[in-house]
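In this note's numbering, the protein residues as written are 19 to 239.
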């Protein structure tokens, strides 16, 4: 088991890689980094790491994070310098943390999706709390990756974005919805984006968003 200090360092490395290698210039959910890079974590660590990293000035993010689901940030210039001074070489920093095996994780996602099918007609109360906010942030981040993709066909990208926009709108504004609506607008679209010709660098983040959305919906049942 890694120590909290190691976990915190891995989070900073993950934020660095998302910004420098994958071009993400927005806040990244720590739970997405944990899923994407297979990080070992304990309850409370993401929130504690967020507060400590913000205090040190190596990341920036919302000041009201009070639990693990609200821990999301982006790396600052100071944070990038810290990583580059420690891990840099003449050819740059490169990939420090390896993403998880997406094929294995995709199979696990399929199992969770199958759990939703019997509940497709069930109406659930969304509840605008930390968990729904975390799911919204993750899906919105995946939506940006799809929008930025240069590999997807125009029609395919347009279809994915239209449905995800509608799904995110429901997440943010609706008080309740049918499980099948979430599955159709968000789950099925994220799965389709993952299985498409989208850039490999984007696939793991999309898969992580899919897992967060699945666990959120299952928690409502």
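Ideal Cβ positions, reconstructed from N, Cα and C, are used throughout, including at glycine.
Bridge-paired residues (DSSP) for residue i
i	result
residue 93	77
residue 21	In DSSP, residue 21 forms no bridge with anything.
residue 154	Bridge partners of residue 154: none, in fact.
residue 159	Residue 159 pairs with nothing; no bridge assigned.
residue 143	194
residue 226	Its beta-bridge partners do not exist; DSSP assigns none.
residue 106	The partner list for residue 106 (beta bridge, DSSP) is empty, contrary to what the question assumes.
Selected residue, minimal CA-CA separation from residue i, among the options
i	options	result
residue 127	206, 38, 177	206
residue 239	140, 103, 215	140
residue 204	71, 157, 42	157
residue 71	23, 221, 61	23
residue 63	27, 129, 75, 45	27
residue 40	159, 107, 109	159
residue 185	172, 202, 176	202
residue 45	231, 152, 209	152
residue 124	222, 236, 25, 237	222
residue 236	109, 176, 172, 129	129
Beta-carbon contacts of residue i that lie in its chain and below 8 Å, excluding the five residues immediately before and after
i	result
residue 183	161
residue 83	65, 68, 69, 89, 90
residue 111	34, 38, 101, 102, 105
residue 131	201, 205, 209, 232
residue 31	101, 105, 114, 115
Nonlocal neighbours in the same chain, by C-beta distance under 6 Å from residue i, ignoring five residues either side
i	result
residue 226	50, 53, 54
residue 20	58
residue 93	33, 34, 37, 77
residue 43	none
residue 118	56
residue 211	164, 178, 224
residue 220	163
Close Cβ partners of residue i (< 7 Å) along its chain, the five nearest in sequence each way excluded
i	result
residue 190	154
residue 217	167, 169
residue 214	170, 174
residue 193	143, 144
residue 150	144, 189, 234
residue 148	85, 87, 88
residue 229	53, 127
residue 75	94, 96
Any non-hydrogen atom of the ligand SAM closer than 7 Å to residue i Cβ
i	result
residue 145	Absent from the structure shown: the ligand SAM. Ligands present: none.
Would you call the segment 135-147 and the segment 191-201 touching, i.e. three or more CB-CB distances under 8 Å? Flag = yes, the segment 135-147 and the segment 191-201 touch.
At what residue ranges does the segment 29-89 contain a whole run of the alpha helix (DSSP H), taking only runs of 4 or more? Whole alpha helix (DSSP H) segments, 4+ residues: 48-55, 63-73.
Is there contact here, the segment 85-101 with the segment 53-71, by at least three beta-carbon pairs under 8 Å? yes
Taking only runs of the beta strand (DSSP E) that begin and end inside the segment 158-204, which ones reach a length of at least 3 residues, in chain order? 194-196
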